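Visitor: As you go down the protein sequences, you meet chains F and P in turn. For the record, in the first sequence the residue sitting at position 72 is 72 according to UniProt numbering, with numbers rising by one throughout. For the record, in the second sequence the residue sitting at position 424 is 424 according to UniProt numbering, with numbers rising by one throughout. In this text, a Cβ means the ideal position worked out from N, Cα and C, and glycines have one as well. Since we're looking at a predicted model, the values are computed, not measured. Following this message is one structure expressed as structure tokens.
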Amino acid sequence: MIYAGLFYIATVLLVVGLIYKIFDYSRTPAPLLIPTTPAPTTKPGVVYRMAKEVVVFESLFKSNKWIWVFGWLFHFGLFLVLARHLRYFTQPVWFWVDIVQPFGKYASIMMVIGLAGLLARRFLVDRVRYISTPSDYLILVLLLAIGASGMVMTFVAHTDIISLKEFFMGLMYFDIQPLPQDPPLLVHLALVATLMVIFPISKLLHAPGVFFSPTRNQVDNPREHRHVAAWAARLERNN
Amino acid sequence: MAAADFDIPELKDDIEVPKLREGVMAHVKTFPAPKAVQDFMGYPHELVEDWKERAIEKMGDLLGKYRSLKVFLDACVHCGACTDKCHYYLGTSDPKNMPVARQDLMRQVYRRYFTPAGKLFPKLVGAKDLTKDILDEWYSYYHQCSECRRCSVFCPYGIDTAEITMAGREILNHVGIGQKYSNEILGKVQKIGNNLGLPGPALEDTLAGLEEDIEADTGVPVKLPMDVKGAEVLLITPSADFFSEPHVESLIGYAKVFHAAGISWTLSSYASEAGNFGLFNGNYETMRNVAMRIRDAALELGAKRIVVGECGHAWRVAYSFWNTLTGIGYGGDDPFSIELQKQLDPSYPQPQHICELTNDLIKQGKIQVDPSVNDEFVVTYHDSCNVARASRMGTEPGGQFEIPRELIKAVVNNYHDMADGTIREATFCCGGGGGLLTDDLMEVRVKGALPRATALNNVVKEHQVNFLALICAICKAQFTKVLPKYGFDMSMVGGVHQLVGRAVKLD
Chain F
1 MIYAGLFYIA
11 TVLLVVGLIY
21 KIFDYSRTPA
31 PLLIPTTPAP
41 TTKPGVVYRM
51 AKEVVVFESL
61 FKSNKWIWVF
71 GWLFHFGLFL
81 VLARHLRYFT
91 QPVWFWVDIV
101 QPFGKYASIM
111 MVIGLAGLLA
121 RRFLVDRVRY
131 ISTPSDYLIL
141 VLLLAIGASG
151 MVMTFVAHTD
161 IISLKEFFMG
171 LMYFDIQPLP
181 QDPPLLVHLA
191 LVATLMVIFP
201 ISKLLHAPGV
211 FFSPTRNQVD
221 NPREHRHVAA
231 WAARLERNN
Chain P
1 MAAADFDIPE
11 LKDDIEVPKL
21 REGVMAHVKT
31 FPAPKAVQDF
41 MGYPHELVED
51 WKERAIEKMG
61 DLLGKYRSLK
71 VFLDACVHCG
81 ACTDKCHYYL
91 GTSDPKNMPV
101 ARQDLMRQVY
111 RRYFTPAGKL
121 FPKLVGAKDL
131 TKDILDEWYS
141 YYHQCSECRR
151 CSVFCPYGID
161 TAEITMAGRE
171 ILNHVGIGQK
181 YSNEILGKVQ
191 KIGNNLGLPG
201 PALEDTLAGL
211 EEDIEADTGV
221 PVKLPMDVKG
231 AEVLLITPSA
241 DFFSEPHVES
251 LIGYAKVFHA
261 AGISWTLSSY
271 ASEAGNFGLF
281 NGNYETMRNV
291 AMRIRDAALE
301 LGAKRIVVGE
311 CGHAWRVAYS
321 FWNTLTGIGY
331 GGDDPFSIEL
341 QKQLDPSYPQ
351 PQHICELTND
361 LIKQGKIQVD
371 PSVNDEFVVT
381 YHDSCNVARA
391 SRMGTEPGGQ
401 FEIPRELIKA
411 VVNNYHDMAD
421 GTIREATFCC
431 GGGGGLLTDD
441 LMEVRVKGAL
451 PRATALNNVV
461 KEHQVNFLAL
471 ICAICKAQFT
481 KVLPKYGFDM
491 SMVGGVHQLV
501 GRAVKLD
């Protein structure tokens, strides 16, 4: 029951928090065109630029190959792992989730290697150590612990996956079912709920933030289109 | 007012990432603006009593007006990708000159006052109360950023430290600590029409003198017209072009191009400045007021085309912001813009960069050039930061790299690029941009020029390069002053149109 409540609260905080932040970003005007150039001159061009940023981390690749390798391993691993987890929330399980399933299992290794690399950089590189705050370490440790506890259940001590699925399906249909009381599972779920809660109030906001970054999402067409924010347009009434 | 003594960094073969040396640049304090200057700008002239409240209030105001600031302060994950990208960090090794650390000077305060995590668990997320010490650090380190945007190229979220620096300076102005250099210039340009504070009659004298020089030199009566109504082109150029060396050589170059192409043109005594320091201080209204003089001059003189001379940040403001600020451009459907569009010739981009104009004329055969007159030069080209990373030329992305190079190669026979990773979008700032081109920041300027000087030194050794071609007034002034400290001859610094002016055939 505690976990059922925990997940309802975490979900509400995550969803409401993210919706608020996204609403807040989109209502805040961008009064000047500031794409980092060379930039695309068309909207489809911007979509392509953004896709490269989000899928292959293009700017990071230009910047630092070590951060890129670890960062990409972690994020892509996490993506596969999350896709695999959809089977606990869908009935029947979507066909593509079945296809991803075996990859998702081993993607956890990618994810953990990536995270370990990123954590090591925080200790080993003097410049990165200098800029790291306690929360920077803790978020990495949190994600590592989520990955490790998940891997324990996948590769070492299986949990009762049937009951677990009944628990989550029950949550979704407001029909609370008992949760298997395996320690690794309880740890795993508590940490995931924590991650969900801190997502909208931490640097994890980089996930929605990247889509709102004016230097990446603006079209480079200032000579052809007049771009004026509402508060700036008001200045013109005084002329 | 001699700047403090400091060691000139040694030029090595490669641009090296230094070990951190904490606080080595904390002593740098640019001269604060005196009362008269701040009064004119509408800012207090000394630290106000309720500075803390006012600073937080201003930060909140800016967070509501600029999506860039809000997203950039939230999105950083401290990955470290930018830590070795800033020329000021590479040149000074002060960790607060790493882009992320410079941003964190503001981010720590943002988190404390504007985010739940920072309000509840300040230590955990590195949030801090705004103190006088932090304000002092802002003043030091937001005047060790040239707003060159190199970090924004390499950030996985496109976080642009320039936006943070601009906001930081704006907040500092609002609590009463403005920078003398930039704010004085903003006063001059708004009162007199140019950054140097040159009145109309002085300009006329200078232009007449230049006309005599050109005629004595070439035998051709090339004109430098001013305030001519009905001229086709209104040329807006940095006021350094009127008086400084080597800038004036480019002005002569533009005049020769217009003469050879038979294009009627004029300068304006009312808007005799392309530079717009409003950009550096992050004040939209100031930037708009400065830009508005150009629109007014264009309407007054009836020009059909507006062309911008060699100035980096001016081209950013002209290309990226003039349409927004003043309606110089296309696509506006408000009365404000429509009036101007009726006058401007739609067959040309508005505004147009002088390099776009000259390069087109050469390609279309409308002017002839003889590159062999420049055979004494082995040339390399420095991409100015604001042109490279904040604007474009021509119709294709990256035209800002190709068009100046095409133009240079049309007028010289010996050309070599500096190393990859130091040019084009990854170009290193000259070290003097963004309102730092003042003697009281000489240490920052010299050390910040280290990466560029290193790359330059390599092409000098390898290809005997003896001419550094530029399209920015600040770069020209900075390099003539700073490169000699690294053992280069200041005469190797010059404008692209200095080379064009020598090569263009005049009849």
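(1) State the DSSP-derived secondary structure class of valine 17 (chain P), mapped to helix, strand or coil.
(2) Answer with yes or no whether the minimum CB distance from alanine 3 (chain P) to chain F is below 8 Å.
(3) Thinking phenylalanine 242 (chain P) and leucine 186 (chain P) are a contact (beta carbons under 8 Å), I'd like their distance in whole angstroms, please.
(4) Which bits of chain F does methionine 98 (chain P) rub up against, with CB to CB less than 9 Å?
(5) Can you check whether the CB of methionine 98 (chain P) is closer than 8 Å to the CB of tyrosine 89 (chain P)?
(6) For chain P, check one thing: does any of its Cβ atoms lie closer than 8 Å to the Cβ of glycine 71 (chain F)?
(7) For the structure I just gave you, are there three or more beta carbon pairs, one from the segment 378 to 398 of chain P and one from the segment 308 to 324 of chain P, closer than 8 Å?
(8) Between the alpha carbons of residue 508 (chain P) and threonine 324 (chain P), how many angstroms are there, rounded?
(9) Under three-state DSSP, which class holds proline 122 (chain P)?
(10) Would a check of beta-carbon distances place proline 34 (chain P) closer than 8 Å to chain F?
(11) Measuring only between beta-carbons, confirm whether tyrosine 25 (chain F) sits less than 8 Å from chain P.
(12) According to DSSP, simplified to helix, strand and coil, what is phenylalanine 7 (chain F)?
(13) What does glutamine 350 (chain P) touch in chain F if you count any residue whose Cβ is under 9 Å from its own?
(14) Can you give me, in chain order, the residues of the segment 207 to 233 of chain F that have a beta carbon less than 7 Å from any beta carbon in chain P?
(15) Give every residue of the same chain whose Cβ lies closer than 7 Å to the Cβ of aspartate 507 (chain P), excluding the five residues on either side of it in the sequence, and list them in chain order.
(16) Mapping DSSP to helix, strand and coil, what is phenylalanine 467 (chain P)?
(17) May I have the straight-line CA-CA distance separating histidine 247 (chain P) from valine 493 (chain P), to the nearest angstrom?
(18) Any beta-carbon of chain A closer than 8 Å to the one on glycine 309 (chain P)?
(19) Taking only beta carbons into account, state which residues of the segment 69 to 81 of chain P come closer than 7 Å to chain F, listed in chain order.
(20) Classify valine 15 (chain F) as helix, strand or coil using the three-state DSSP reduction.
(21) Show which residues of chain P have a CB atom less than 8 Å away from the CB atom of alanine 30 (chain F).
(22) What does a CB cutoff of less than 6 Å around arginine 107 (chain P) pick up in its chain, not counting 5 residues either side in sequence?
(23) Let's test the definition: count the other Cβ atoms within 10 Å of the Cβ of leucine 299 (chain P) and tell me whether it reaches 16, buried, or not, exposed.
(24) Take leucine 361 (chain P) and list the residues in its own chain whose beta-carbon comes closer than 6 Å to its own, dropping the five residues that flank it on each side.
(25) Okay, do the segment 105 to 122 of chain F and the segment 140 to 149 of chain F touch, 3+ Cβ pairs below 8 Å being the bar?
(26) For a contact meaning CB atoms closer than 9 Å, what does lysine 123 (chain P) contact in chain F?
(27) Nearest to aspartate 136 (chain P) by alpha carbon, out of P:Gly158, P:Val100, P:Pro156, P:Gly178?
(28) Taking the CB atoms as reference points, tell me whether leucine 118 (chain F) and glycine 71 (chain F) lie closer together than 8 Å.
(29) Chain F partners of glycine 126 (chain P), CB-CB under 8 Å?
(30) Output needed in chain order: residues of the segment 6 to 24 of chain P with a Cβ under 9 Å from some Cβ in chain F.
(31) Using the DSSP secondary-structure output, state which residues sit across from tyrosine 381 (chain P) in a beta bridge.
(32) Sorted by chain position, which residues of the same chain lie with C-beta nearer than 8 Å to alanine 157 (chain F)'s C-beta, five sequence neighbours on each side aside?
(33) Near histidine 259 (chain P), what residues of its chain come up, given a Cβ to Cβ distance below 8 Å and the 5 sequence neighbours on each side ignored?
(34) Does the Cβ of histidine 27 (chain P) have 16 or more other Cβ atoms within 10 Å, making it buried, or fewer, making it exposed?
(35) For proline 44 (chain F), does the count of other Cβ atoms within 10 angstroms reach 16, so buried, or fall short, so exposed?
(36) Between the C-alpha atoms of leucine 115 (chain F) and glutamine 177 (chain F), what's the straight-line distance to the nearest angstrom?
Guide: Considering the structure as presented:
(1) Under the three-state reduction of DSSP output, valine 17 (chain P) falls in the coil class, being neither helix nor strand.
(2) Confidence in alanine 3 (chain P) is poor, its pLDDT being 49 and thus under 50, which makes the residue's placement unreliable; the coordinate value appears in the next sentence. Answer no: the Cβ-Cβ gap between alanine 3 (chain P) and chain F never drops below 8 Å.
(3) About 19 Å; that fails the 8 Å criterion.
(4) Contact of methionine 98 (chain P) with chain F by beta-carbon distance below 9 Å involves Arg127, Tyr130, Ile131.
(5) Going by C-beta atoms, tyrosine 89 (chain P) is nearer than 8 Å to methionine 98 (chain P).
(6) So yes, glycine 71 (chain F) belongs to the interface.
(7) The way I'd put it, the segment 378 to 398 of chain P does touch the segment 308 to 324 of chain P; three or more beta-carbon pairs between them come closer than 8 Å.
(8) Here chain P comprises residues numbered 1 to 507, so residue 508 (chain P) is not present and cannot be evaluated.
(9) Proline 122 (chain P) falls in the helix class under three-state DSSP.
(10) Against chain F, the CB of proline 34 (chain P) has no partner CB under 8 Å away; the residue lies outside that interface.
(11) Taking 8 Å as the threshold, the shortest C-beta distance from tyrosine 25 (chain F) to chain P falls below it.
(12) Residue state, collapsed to three classes: helix.
(13) Listed along the chain, the chain F residues whose CB falls inside 9 Å of the CB of glutamine 350 (chain P) are Arg223.
(14) Within the segment 207 to 233 of chain F, the residues whose Cβ lies closer than 7 Å to some Cβ of chain P are Gly209, Val210, Phe212, Ser213, Pro214, Thr215, Arg216, Asp220, Pro222, Arg223, Glu224, His225, Arg226, His227, Val228, Trp231, Ala232, listed in chain order.
(15) Cβ within range, chain order: Val220.
(16) The answer is strand: DSSP assigns phenylalanine 467 (chain P) an E or B state.
(17) Distance between the alpha carbons of histidine 247 (chain P) and valine 493 (chain P) is about 10 Å.
(18) As a matter of chain content, chain A is missing from the structure shown, whose protein chains are F and P.
(19) Only Lys70, Val71, Asp74, Ala75, Cys76, Val77, His78, Cys79, Gly80, Ala81 from the segment 69 to 81 of chain P bring a Cβ to less than 7 Å from some Cβ of chain F.
(20) Residue state, collapsed to three classes: helix.
(21) Going along chain P in sequence order, the residues near alanine 30 (chain F) (Cβ under 8 Å) are Tyr66, Arg67, Ser68.
(22) Cβ neighbours of arginine 107 (chain P) beyond the five flanking positions: Leu73.
(23) Burial call: exposed.
(24) These residues qualify, in order along the chain: Ala261, Ile367.
(25) Contact between the segment 105 to 122 of chain F and the segment 140 to 149 of chain F is present, because at least three Cβ pairs lie under 8 Å.
(26) Those are Thr133, Pro134, listed as they occur along chain F.
(27) Minimum Cα distance to aspartate 136 (chain P) is reached at P:Gly178.
(28) Their beta carbons are under 8 Å apart, which means leucine 118 (chain F) touches glycine 71 (chain F) by this criterion.
(29) The contact set of glycine 126 (chain P) on chain F, defined by CB atoms closer than 8 Å, consists of Thr133, Pro134, Ser135 in chain order.
(30) Result list: Val17, Lys19, Leu20, Glu22.
(31) For tyrosine 381 (chain P), which the question treats as bridged, DSSP gives the partners P:Ala469.
(32) Excluding residues up to 5 positions away in sequence, Asp182, Pro184 lie with their Cβ nearer than 8 Å to the Cβ of alanine 157 (chain F) in the same chain.
(33) Val220, Val222, Lys223, Leu506.
(34) With a threshold of 16 other beta carbon atoms within 10 Å, histidine 27 (chain P) falls short and is exposed.
(35) That one is exposed.
(36) Between leucine 115 (chain F) and glutamine 177 (chain F), the C-alpha separation is close to 33 Å.
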